[in-house]
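Keeping their order, the protein sequence lines are chains G and F.
Residues 1 to 413 (my numbering) are what the first sequence spells out, left to right.
Residues 414 to 826 (my numbering) are what the second sequence spells out, left to right.
Glycine included, every Cβ here is placed at the ideal spot set by N, Cα and C.
2 protein chains.
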Amino acid sequence: MLGFMQSPDGPLTRLRKSHEQSVLGLLRKHGPLSRAELGSHSGLSRTTLYDIVAGLVEGGAVVASTPPVEVRRRGRPVEKLSLNPNAGEAIGIDFARRAVHVSAVNVAHEMIGSASEAHASDLTWVQRVDIAERLLGSLGRSSQDDASVGRPPRRGTLGLDSLSAIGVGVVGPINDPGSADAHALSIDGLPGLLRERFGVPVLLDNNTRLAALAEAVWGAAADAGDVLYLRLSHGVGGGLVVGGSLHRGMYGMSGEFGHITVDPDGAPCECGGTGCLETVASIEAVLQRYRSAGGRAEDISAFLTAAASGDPAARTVLERVGTDVGTVLAAVCNAVGPGVIVIGGELAEAGAALTEPLEGALGAHVMPMARHRVRVRHATLGEAGSALGGIALVLHESPLLSRYPQPVTEELA
Amino acid sequence: MLGFMQSPDGPLTRLRKSHEQSVLGLLRKHGPLSRAELGSHSGLSRTTLYDIVAGLVEGGAVVASTPPVEVRRRGRPVEKLSLNPNAGEAIGIDFARRAVHVSAVNVAHEMIGSASEAHASDLTWVQRVDIAERLLGSLGRSSQDDASVGRPPRRGTLGLDSLSAIGVGVVGPINDPGSADAHALSIDGLPGLLRERFGVPVLLDNNTRLAALAEAVWGAAADAGDVLYLRLSHGVGGGLVVGGSLHRGMYGMSGEFGHITVDPDGAPCECGGTGCLETVASIEAVLQRYRSAGGRAEDISAFLTAAASGDPAARTVLERVGTDVGTVLAAVCNAVGPGVIVIGGELAEAGAALTEPLEGALGAHVMPMARHRVRVRHATLGEAGSALGGIALVLHESPLLSRYPQPVTEELA
């Protein structure tokens with residue numbers, strides 16, 4: 001006997017979730033509705049609808065109210081249901097290696113604001129969470145940081161008391177707590193710390209992967225369902241979005257493009273491997289190669305300035321890096337067939353000097369019949385990307401957080 | 414304003430689909446139910462339920478019947494609804510390069526049977542469809558071919574008049590009709606031909622990708638949601654199953670592992686590229702390399718026999734092929750993080766002589782923290798895999814075919 005393939009949650013759970021999403025969607029679309037109106041729009045029976053609504057009201061996603069006396073006609077006042085204007089705020093926090101980035105949206109998914117603060121790399125989680133809380137507190141009063149994500153500033157208020165969830169990006173793999181990246185703090189205590197501080201469910205994922213999700217939802221690849229995102233920074237990492245959803249892989253090890261071998265006889269990599277893409281395409285590797293060729297640049301900005309002014313050694317280094325990156329991405333393209341490749345991170349600022357050799361290598365190694373279809377684009381969300389991805393995670397994976405735990409969700413006790 | 418990411422079909426279509434799946438699931442689980450019983454189990458309102466049931470009865474998926482007079486108590490007889498025992502048969506057909514494979518299951522997803530027939534490579538589609546129809550006609554009378562998929566033979570009947578759908582595997586990419594694989598016939602006319610012959614909806618996909626789905630549903634990786642399948646045969650191809658679903662990529666170009674570059678200075682490949690994995694790991698490439706080393710083998714069976722008997726030249730060839738395959742698969746593993754790698758095709762019969770160097774290369778190139786988690790397994794469904802994958806496609810993607818067209822579905826006019 002052949003059985004249907006089972007999905008992780010049962011059909012009844014999925015059915016209830018679908019009913020709830022339907023009710024929330026109708027309230028979002030139509031504004032306040034009575035139970036009778038909800039029933040006729042949703043097709044749900046009275047019993048089921050009352051049960052679903054009760055759960056949503058109890059969870060704080062929906063509020064019930066009666067219109068003021070003067071607008072009532074006669075008989076019992078009809079209760080109207082609406083989305084809780086205070087319940088839908090979601091925030092994203094990106095705990096990068098040397099900075100905290102935060103973003104917040106309200107129930108209508110309107111941006112309240114974004115903010116960032118750089119810090120030393122040796123801060124504890126408590127110190128980093130302090131920074132995040134302070135940045136979030138500032139969002140209600142000023143939203144001038146919105147400009148950093150290319151959106152018009154909005155006037156808004158952020159009530160930390162009424163948050164519905166937090167999506168959090170961290171450095172390193174998140175499904176494997178015992179083996180976090182050498183640069184990263186252990187994340188074991190972080191979800192509990194955040195839960196204690198903010199009192200809401202916390203969803204955690206790798207911050208580079210969250211940037212991939214954000215670019216696919218609101219950024220450079222908002223028109224594509226299948227997206228390959230690569231970040232060229234101090235580390236080299238990335239993420240895949242498949243059919244509009246973040247791809248994680250069986251053990252959360254998806255998107256590790258920086259650890260694909262580019263030269264089997266190459267340099268040892270911090271991951272323990274040899275000749276990984278990160279050993280030739282990270283900021284440090286690029287600077288080292290440039291200096292070996294006689295170039296002088298104290299940091300990546302100086303290198304990029306030299307490249308932009310046509311410095312031959314810098315251009316040669318970018319040519320080599322672009323080719324290596326393109327060769328690795330071509331292998332991934334043949335495997336997963338993305339529609340758009342988004343390149344982010346500081347090195348992406350090199351522009352055509354990097355992307356031309358990159359596209360040349362793609363052209364040489366992506367199978368001919370797919371070559372003309374892959375688009376290479378520059379990331380558009382900048383350093384706010386991962387925090388925005390945290391919000392996207394909350395919006396996509398937990399419209400009903402209190403009910404449907406996620407793999408790495410910490411719920412309010 | 415940030416919007417929810419839109420899925421390809423609207424929320425109301427999805428809601429209806431969910432309601433229909435719920436009704437079908439309840440009938441599958443409980444057997445015949447009255448409308449009242451369906452209403453109480455499903456939570457749907459009377460109006461919605463009657464509408465959903467009417468659509469299912471009209472589409473032939475559900476039949477309504479009244480119990481015989483003697484079991485009625487009083488009043489109007491209560492109509493019971495049940496799955497149409499004649500409506501749920503699904504068949505899978507694999508049009509391989511030189512053979513047709515068919516499989517069929519009934520409404521309860523019980524195997525009715527499988528059958529195969531080899532043919533010359535220059536047959537037309539009409540001739541191939543004739544073979545498929547003949548093989549399918551034989552399934553009702555004999556199911557001895559079941560043994561070929563490792564399942565106990567079942568007694569069954571296949572009523573071609575009552576098919577609900579056909580899932581069909583073909584050689585080459587399917588979302589790009591103008592650019593089919595050099596070995597393949599154009600598939601442009603095939604869906605129409607099958608629809609005319611069998612009078613039911615046809616779902617088409619690449620046959621190697623269907624084998625991947627079948628291995629993930631019923632085969633070597635039935636316990637894993639994220640599966641990488643590689644077939645080493647006359648061509649080298651594969652498929653990815655992500656979270657239990659077949660991964661297609663933005664333009665249907667997913668799983669082309671055979672065209673990942675393994676040697677930039679290598680031989681030209683039929684795809685137009687250079688040094689693709691297929692140029693070193695296809696049956697022809699392996700035989701050619703073996704013969705260059707002085708080995709004598711007229712075909713792959715003779716080569717495998719030589720390797721099994723310890724022939725040093727054959728072992729050296731397999732060592733090299735296994736290393737190249739493992740190196741390419743390691744790159745894919747770092748990108749997509751599968752839980753299980755399934756190796757199929759004739760070359761997989763070489764066993765440890767192939768998989769040991771393959772696993773060695775995986776160990777050298779998969780990121781250290783993921784290495785111990787990836788399992789390499791031999792495909793278990795053999796040559797019936799792709800036809801079974803056609804059935805899996807029907808069961809997974811079109812429980813309600815007449816209502817929800819698929820990208821490459823041809824519906825009954």
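Per DSSP, the unbroken beta strand (DSSP E) holding residue 111 of chain G starts and ends at 111-118. At least one beta carbon of chain F lies nearer than 8 angstroms to the beta carbon of residue 242 of chain G. Contacts between residue 639 of chain F and chain G, judged by CB atoms closer than 8 angstroms, involve 249, 250 in chain order. If you ignore the 5 residues before and after residue 56 of chain G, its C-beta comes within less than 6 angstroms of the C-beta of 62, all in its own chain and listed in chain order. When beta bridges are read from the DSSP output, residue 791 of chain F appears opposite F/756.
As DSSP reads the structure, residue 211 of chain G sits in no beta bridge.
Collapsing the DSSP output to three states places residue 217 of chain G in a helix.
If the five residues before and after residue 26 of chain G are omitted, its C-beta is found closer than 7 angstroms to the C-beta atoms of 33, 38, 41, 42, all from its own chain and listed in chain order. Straight across, the Cα-Cα distance linking residue 713 of chain F with residue 626 of chain F is about 26 angstroms. For residue 778 of chain F, the enclosing alpha helix (DSSP H) starts and ends at 765-778. Along the segment 44-61 of chain G, the positions whose C-beta sits under 9 angstroms from a C-beta of chain F are 44, 45, 46, 47, 48, 49, 51, 52, read in chain order. Rounded to the nearest angstrom, the gap between the Cα atoms of residue 64 of chain G and residue 125 of chain G is 39 angstroms. In the three-state reduction of the DSSP assignment, residue 200 of chain G falls in the coil class, being assigned neither a helical nor a strand state.
Going by DSSP, residue 502 of chain F is part of no alpha helix (DSSP H) but of the beta strand (DSSP E) stretching over 502-508. By the 16-neighbour rule on beta-carbons within 10 angstroms, residue 19 of chain G is buried. Here DSSP, grouped into helix, strand and coil, assigns residue 66 of chain G to coil.
Taking the C-beta atoms as reference points, residue 326 of chain G is found no nearer than 8 angstroms to residue 313 of chain G. Counting every other CB atom within 10 Å of its CB across the protein chains shown gives residue 736 of chain F a total of 16 or more, marking it as buried. Under the three-state reduction of DSSP output, residue 166 of chain G falls in the strand class.
For residue 720 of chain F, the enclosing alpha helix (DSSP H) has its first and last residue at 713-721. One finds 18, 22 in chain G with Cβ atoms closer than 7 angstroms to the Cβ of residue 428 of chain F, taken in chain order. Residue 693 of chain F has a beta carbon lying at 8 angstroms or more from every beta carbon in chain G. When Cβ-Cβ separations below 8 angstroms define contact, residue 334 of chain G makes contact with chain F.
For residue 744 of chain F, the enclosing alpha helix (DSSP H) stretches over residues 725-749. Note: residue 276 of chain G is bridge-paired with G/261 in the DSSP secondary-structure output.
By a beta-carbon distance limit of 8 angstroms, residue 257 of chain G does not contact residue 170 of chain G. Their separation comes to about 18 angstroms. Interface flag for residue 718 of chain F against chain G is unset, since no Cβ pair is found closer than 8 angstroms.
Residue 743 of chain F has a beta carbon lying within less than 8 angstroms of a beta carbon in chain G. Membership of residue 41 of chain G in any beta strand (DSSP E) is not indicated; the residue belongs instead to the alpha helix (DSSP H) covering 35-42.
Per DSSP, residue 46 of chain G is one residue of the alpha helix (DSSP H) stretching across 46-59.
In this structure the segment 749-769 of chain F lies against the segment 715-723 of chain F, because at least three pairs of beta carbons, one per stretch, are closer than 8 angstroms.
Around residue 798 of chain F, the same chain offers 624, 627 as residues with beta carbons nearer than 6 angstroms, after the five sequence neighbours per side are excluded.
Secondary structure at residue 205 of chain G: strand, using DSSP grouped into helix, strand and coil. Around residue 688 of chain F, the same chain offers 674, 675, 676, 677, 678, 679, 680, 682 as residues with beta carbons nearer than 8 angstroms, after the five sequence neighbours per side are excluded.
The beta carbon of residue 792 of chain F lies closer than 7 angstroms to those of 628, 632, 633, 755, 756, 757, 761, 798 in the same chain, with the five residues before and after it left out.
In the pairwise beta carbon analysis, the segment 647-660 of chain F is classified as not touching the segment 763-782 of chain F: fewer than three pairs are separated by under 8 angstroms.
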